[in-house]
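J.: In the working numbering, the protein residues as written are 198 to 543. Provided herewith is a single structure, encoded as structure tokens, for subsequent inquiry.
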Amino acid sequence: MIDLRSDTVTKPTPAMRRAMSEAEVGDDVYGEDPTVNRLQERAAEVFDKEAALFVPTGSMGNQIAVKLHTRPGAEVVIEERGHIYNYEMAAMAAVAGTLARPVKSADGSGILHWDDIKAAIHANDAPYYVAPTGLVALENSHNLAGGTLLTRERTGEICAGAHALDIPVHLDGARIFNAAAALSETVAALAAPCDSVMFCLSKGLGAPVGSMLLGSRAFIDEARRWRKLLGGGMRQAGVIAAAGLVALEESPKLLHLDHANARRLAAGVAELPGVKIDPERVVTNIVIFDIADTGQASEDICVRLHMRGVLASGFGSSIRMVTHYDVSTADIDAAVKALRDVLLER
Ligand SMILES: Cc1ncc(COP(=O)(O)O)c(C=O)c1O
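See below:
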């Protein structure tokens, strides 16, 4: 199977498996797991933030951040396709008691500009009967917008605008290492103006489990309490943190290969009848294309791709394919051929 559904499907590398089997462990609820502590210290160092917390999932990291930055009844301004809004089980309402205020980017790219956000903000000077804005939530790279990027300058501009109104900014950086590779930036530079950032070890970086939440020392101390409240206090978690450390040190160096494969995939599918995609806009490891003009349903195409050994995700009139270290360039060519066969057989 060539599995292009997501970059979450990777299997641990031999180096990760070795590190897991040799990991020194302790009880992390007591703060006594040396490997978890090392991962947290190393992540904080890489991101140049005061502290970091190992959390089981990206969703938990994001939702702890929403909870800590806001009060019940506040609004969270977020791009309309943002993961925190669309794919986290309405946790911002269930856990934090907040309401999403989805916004569009003026050009439809999903890449927000401060002006797109400013129009949706209710700051201190807003009438008393509107809900105050408690948080701006950004996403880099932006999954559902096709792995698009927020530059350091754009993030800085948004944070400066929000901070001037006393509104914090959280960055969903599930794939921030992809963003950094594509922009030739450091993750620290991309996250610098944000009050908190979450990144996933278990997506493009390839670890089997885990994400990190980063921010000030006081924020992370409080985040640890909320992780426990949500049932995320883990015991000998060093076994998985060990793979996370390998992912953090080794995997970022390889992401440019996934990006090259994504560009190759985009160029290949752009040639197929009825497929709409601008390959120039594929800048990281996510390839989303429109198949409305094929006259076929995305679910049906995905079922027939599956029969040819290729897994992809279909939603509405779009199909998403994501590259990662478990797919080779030959796999990409095979996937394009399989899609061509599927589209031409009807
Ligand atoms: C942009 C983004 N943020 C957050 C998450 C949540 O991560 P997890 O699946 O570990 O909860 C995902 C998962 O796909 C994602 O794509």
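For every residue, glycine included, the Cβ atom is placed at its ideal position computed from N, Cα and C.
1) Going by C-alpha distance, which of A303, M257 and S302 is nearest I281?
2) Closest to A376 by CA distance: which of T345, S515 and L426 is it?
3) Would you check if there are 3 or more beta carbon pairs closer than 8 Å linking the segment 208–228 to the segment 434–445?
4) Leaving out five residues before and five after L469 in sequence, what residues of the same chain have Cβ atoms less than 7 Å from its Cβ?
5) Name the DSSP beta bridge partners of G370, please?
6) Comparing alpha-carbon positions, which option in V394, P390, R268 and G358 lies nearest R372?
7) According to the Cβ coordinates, are A509 and I516 closer than 9 Å?
8) Could you please give the first and the last residue of the uninterrupted beta strand (DSSP E) stretch that includes P299?
9) Between which two residues does the alpha helix (DSSP H) containing R517 stretch?
10) How far does the alpha helix (DSSP H) with A457 in it reach, from first residue to last?
11) Should E285 be counted as a contact of ligand 1 given a C-beta to heavy atom distance under 8 Å?
12) Which parts of the segment 385–436 are runs of the alpha helix (DSSP H), unbroken and 4 residues or longer, counting only runs that do not cross its ends?
13) What first and last residue would you give for the alpha helix (DSSP H) that runs through A334?
14) Which stretch, first to last residue, makes up the alpha helix (DSSP H) that contains I316?
15) Leaving out five residues before and five after A459 in sequence, what residues of the same chain have Cβ atoms less than 6 Å from its Cβ?
16) Measuring straight from C-alpha to C-alpha, what distance separates D418 and G430?
17) Could you name the residues whose beta carbon sits closer than 5 Å to any heavy atom belonging to ligand 1, keeping them in chain order?
18) Measuring CB to CB, does S495 end up less than 9 Å from G513?
19) Using DSSP bridges, identify the partner residues of T345.
20) For the segment 387–403 against the segment 444–451, are there 3 or more C-beta pairs whose distance is under 8 Å?
21) Between which two residues does the alpha helix (DSSP H) harbouring G511 extend?
22) Mapping DSSP to helix, strand and coil, what is K473?
23) Of the residues D523, V273 and A388, which one's Cα is nearest the Cα of A241?
T.: On the basis of the supplied data:
1) Among A303, M257 and S302, the Cα nearest to that of I281 belongs to M257.
2) Taking only the C-alpha atoms, the option nearest A376 is T345.
3) With the cut-off at 8 Å, the segment 208–228 and the segment 434–445 touch.
4) Listed in chain order, the non-local C-beta contacts of L469 below 7 Å within the same chain comprise L536, R537 and L540, local neighbours out to five positions each way being set aside.
5) Residue pairing for G370: DSSP places it in no beta bridge.
6) Cα-wise, what sits closest to R372 is V394.
7) Yes, the Cβ-Cβ distance between A509 and I516 is below 9 Å.
8) For P299, the uninterrupted beta strand (DSSP E) segment begins and ends at L296 to V300.
9) Segment S515 to V519 is the beta strand (DSSP E) holding R517; no alpha helix (DSSP H) there.
10) Element bounds for A457: L452 to A467.
11) Yes.
12) Those alpha helix (DSSP H) runs which fall completely within the segment 385–436 and span 4+ residues are 414–426.
13) Per DSSP, A334 belongs to no alpha helix (DSSP H); it is in the beta strand (DSSP E), T330 to E336.
14) The sequence shown places Ala at residue 316, rather than the Ile named in the question. That residue, A316, is in no alpha helix (DSSP H); it is neither H nor E in DSSP.
15) Result list for A459: V479, N482, V484 and T520, in chain order.
16) So the alpha carbons of these two residues sit roughly 13 Å apart.
17) Taking each Cβ in turn, the ones that pass are T254, G255, S256, H280, N340, D369 and A371.
18) Contact flag set, yes.
19) Answer is H339.
20) Segment contact: the segment 387–403 against the segment 444–451, three or more CB-CB distances shorter than 8 Å; contact assigned.
21) Looking at the DSSP string, G511 is not in any alpha helix (DSSP H); the run it does join, the beta strand (DSSP E), is S510 to F512.
22) In the structure shown, K473 adopts extended strand secondary structure according to DSSP, grouped into three states.
23) Nearest of D523, V273 and A388 to A241, Cα basis: A388.
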